[in-house]
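J.:
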Amino acid sequence: MFCPECGTWNRSAARDCGQCGLALPELPVAIDAPDHLITSLRQATGQRYRIVRRIGAGGMADVYEARHHLLDRPLAVKVLHAHLAREAEMRVRFKREAEAASRLLHPFISSPLDYGETDEAVYIVMPFIGGGCLADELAATRTVEPGRAARIAAQVATALDYAARQGVVHRDVKPDNVLFDTDGNAILTDFGIATAMYHSRLTAGGRAMGTPHYMAPEQAMGRFVDGRADLYAVGVMLYECLLGATPFDGPDGYAIGYKHVHELPVPLQNVAPHLPAELCAITMRLLEKDPNARFQRGHDLAAAIHDWMYRAGVKDVPPARGARPAE
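Each residue of the sequence shown is one higher than the last, beginning at -16 in the working numbering.
The structure is reproduced here in structure tokens:
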């Protein structure tokens, strides 16, 4: 098993760690199979962070639960996939994106706390947010009650408005990247493919970035995107929360992207007339093909949602700070 202190792999019969001498637990630690990357990561971060276990994986990186040695604070360490970490260009991109995201100081955004590299790994350290994510909630319940869905959308919109004013576009807003804190607030995370608009783009020209189901038409076509593409993705999430399905689906990313560009989404009220008409109208406006026809700022979207919630008597109102742009 791994030594929970220094990360050294020990035989299952060992009582003490052969490296640091720590008395090993009788039961296996959370990760109980050899993993040279985890060992390398534990050794690289040993003076600052204790790597506990692997908790998830994404398109670019794996995520590990960790704790700060001195503060005993729970953290999440995002480690770039090994095949990407071997590419010098990807290391530069990952570091620049971490730098861009670290400047985003907002109550509804989870920003990187630290960055590091080893010969084998590139990683960023994030706050650990243990309230689950919107994707898990949708998987369990399929839909989200309209008032709660509106609250989530308003908080994400507020976060995106702040990011856009700092020159950052997320480009991959989706339920997996919407986490919940212990108070139920939506926290937008993983600006892992975000780039500051004033930074030079390091990706190949014309290559679409993002997740197909939540990708704005202009993004699917490889065109320049701004914060309105992120708001389109919020519209897709809101549609999914209310109906239990995304506006478009298909056998592959190309087919889904084609529909985003060329097909109109089925109006929510045509298939779910019981849903609040004004909230449906807000959602469908977000899904306009023309960015100029959508809400132009996250603040505008949040304000429209808050107005509806007030008129509808929705009691689950977001914190007051979500109703106005962050300073």
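Backbone N, C-alpha and C fix where the C-beta goes; we use that ideal spot for every residue, glycine too.
Small disclaimer: the values here were computed from a predicted structure and weren't measured.
In whole angstroms, what is the alpha-carbon distance linking E261 and K157?
T.: Near 23 Å, if we compare the C-alpha coordinates of K157 and E261.
J.: Spatial neighbours of A44 within its chain, please: C-beta separation below 7 Å, excluding the five flanking residues on both sides.
T.: Counting only Cβ-Cβ distances below 7 Å, and skipping sequence neighbours, we find K61, V62, L63, H64, G175.
J.: State the Cα-Cα distance for the pair T126 and T101, rounded to the nearest angstrom.
T.: If I take the Cα positions, the gap works out to 42 Å.
J.: Is the distance from the Cβ of A199 to the Cβ of H243 below 8 Å?
T.: In this structure, H243 lies closer than 8 Å to A199 by Cβ.
J.: Note the first and the last residue of the continuous alpha helix (DSSP H) segment covering L226.
T.: Note, L226: alpha helix (DSSP H), 210 to 226.
J.: With 16 as the cutoff for other CB atoms within 10 Å, does F91 come out buried or exposed?
T.: Buried: at least 16 other Cβ atoms inside 10 Å.
J.: Rounded to whole angstroms, what's the CA-CA distance from T124 to A71? Just pull it up for me.
T.: The straight-line gap from Cα to Cα measures roughly 42 Å.
J.: Measure the CB-CB distance between C116 and D166 and report whether it falls below 8 Å.
T.: Contact: no.
J.: Determine the extent of the alpha helix (DSSP H) in which E120 is found, giving its start and end residues.
T.: 117 to 124 is the extent of the alpha helix (DSSP H) around E120.
J.: Keeping to the same chain, check which residues put their C-beta closer than 6 Å to that of Y47; ignore five residues upstream and five downstream.
T.: Here the set comprises I34, R37, V60.
J.: Where does R33 sit, in a helix, a strand or coil, going by DSSP?
T.: Three-state result, R33: strand.
J.: Looking only at DSSP bridge pairs, what is E100 linked to?
T.: Paired residue(s): V105.
J.: Which term fits R25, buried or exposed, when burial requires 16 or more other beta carbons within 10 angstroms of its beta carbon?
T.: Looking at its Cβ environment, which holds 16 or more other Cβ atoms inside 10 Å, R25 is buried.
J.: Residues bridged to Y47 by DSSP?
T.: Partner(s): R37, V60.
J.: Can we say the region 274 to 289 touches the region 136 to 149, given the rule of at least three CB pairs closer than 8 Å?
T.: Contact holds: three or more Cβ-Cβ distances are below 8 Å.
J.: Please report the distance separating the alpha-carbon of V217 from that of A140.
T.: Using only the alpha carbons, I get a separation of about 7 Å.
J.: Would you call A40 buried or exposed, if buried means 16 or more other Cβ atoms sit within 10 Å of its Cβ?
T.: So A40 counts as exposed.
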